[in-house]
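*Asks:* I'd like to ask you about the structure that follows.
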Amino acid sequence: MGKMDEPIIVVKRAALFGADQKLTFQGTLQAVEKVQIIEQNLASSWQVMRRGDAEENPAYKQPITYAIIQRGNHFFSYKRLGGGAESRLHGKLSIGVGGHMNAVDEASDFQQILENNLKREISEELLIEQSGEKLSTRTVGYINDDKTEVGRVHIGILVLIQLPQQATVTVKEKDKLEGQWLTLSELKSESVFTHLESWSAYAAETLHEAELNR
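Just remember that this note's numbering sits 620 ahead of the position in the sequence shown, which is counted from 1.
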């Protein structure tokens, strides 16, 4: 089965943002009340669709797990190399790890589906070693970018994973990804920020705002 024949989770845009589209946003969404409404809409309205059909239909959004990995004052970042599947993102820098979501038969609710998909994506792309401790994850909000071809058909579920200082992260698919650790200041520097994927740029801005509000 080719990647475009994969059955993935999607949600109608009208069901996600409301028939009047009042919940639509550009960038990141962290307002608790709106986040909760979108979470409920997604959990109650998701369905399964062939990926190739979803990629060409902006009436649907594909929820994407998008996890930021933090260790102390550093954030894991990576460059997408030519071996990756998504050619539209080759050469870009990213601080988000994740991907499309699949239905999980044994999952009891959407939150469990999300967690199972996130664990699968991380295990496929990265090797995280932290002395057997359970990953500490926290949903920060959502990312939406209707200004780009990729963004118009996706909605990002922004998750923060905080690792202990002694933890190590290694890229598995070295032909697809090249990883490094960067501080928030380095992420915000012009030489790095201008090369970030749109979602990662939004996420970096969110992290910067959180730092300023401490």
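All C-beta atoms, glycine included, are put in the ideal place defined by N, C-alpha and C.
None of the values given here were measured: they were computed from a predicted structure.
(1) Thinking just about the alpha-carbon of each residue, which of I777, W819, A634 is nearest to the one in D765?
(2) Would you list the residues sitting across from S818 in a DSSP beta bridge?
(3) Measuring alpha carbon to alpha carbon, tell me which residue in A639, K642, Y686, Y680 is nearest L780.
(4) Let me check understanding here. Comparing Cα to Cα, which of H694, I628, E831, K792 lies closest to I715?
(5) Less than 8 Å separating the beta-carbons of T644 and I763?
(6) Reducing DSSP to helix, strand and coil, say where K681 ends up.
(7) Less than 8 Å between the CB atoms is what I'm expecting for N736 and I628, so what's the real figure, rounded?
(8) Can you tell me whether DSSP reads T826 as helix, strand or coil?
(9) Comparing C-alpha positions only, which one of E626, L807, Y822 sits nearest to S697?
(10) Hey, would you say L827 sits closer than 8 Å to I777, going by beta carbons?
(11) Look at the alpha carbon of P683 and the alpha carbon of V631, and state the distance between them as a whole number of angstroms.
(12) For the candidate residues K712, Q782, P678, H720, whose alpha-carbon lies nearest to that of G799?
(13) Where do the ends of the beta strand (DSSP E) carrying G872 lie?
(14) Taking all protein chains shown into account, do 16 or more other C-beta atoms lie within 10 angstroms of the C-beta of L816, making it buried, or fewer, making it exposed?
(15) Tell me the DSSP secondary structure of G704 in three-state form.
*Replies:* With the structure as the only source:
(1) Ranked by Cα distance from D765, the options I777, W819, A634 are led by W819.
(2) DSSP lists no bridge partner for S818.
(3) Out of A639, K642, Y686, Y680, Y686 has the C-alpha closest to the C-alpha of L780.
(4) Per the C-alpha coordinates, the member of H694, I628, E831, K792 positioned closest to I715 is H694.
(5) By the CB criterion at 8 Å, T644 and I763 fall outside the cutoff.
(6) Judged by DSSP in its simplified three-state form, K681 adopts strand.
(7) Rounded, the Cβ-Cβ distance is 14 Å, inconsistent with contact.
(8) Three-state DSSP puts T826 in a helix.
(9) Nearest of E626, L807, Y822 to S697, Cα basis: L807.
(10) No; because the gap between Cβ atoms is not below 8 Å, this pair is not in contact.
(11) Distance between the alpha carbons of P683 and V631: 8 Å.
(12) Ranking the options by Cα distance to G799, first place goes to K712.
(13) The chain is shown from 621 up to 834; residue 872 falls before or after that span and cannot be answered.
(14) By the neighbour-count rule (16 or more Cβ atoms within 10 Å), L816 is buried.
(15) Unreliable positioning characterises G704 in this predicted model, as indicated by a pLDDT of 48, which lies under 50. The coordinate reading is nonetheless provided below. In the structure shown, G704 sits in coil (DSSP, three-state: anything other than H, G, I, E or B).
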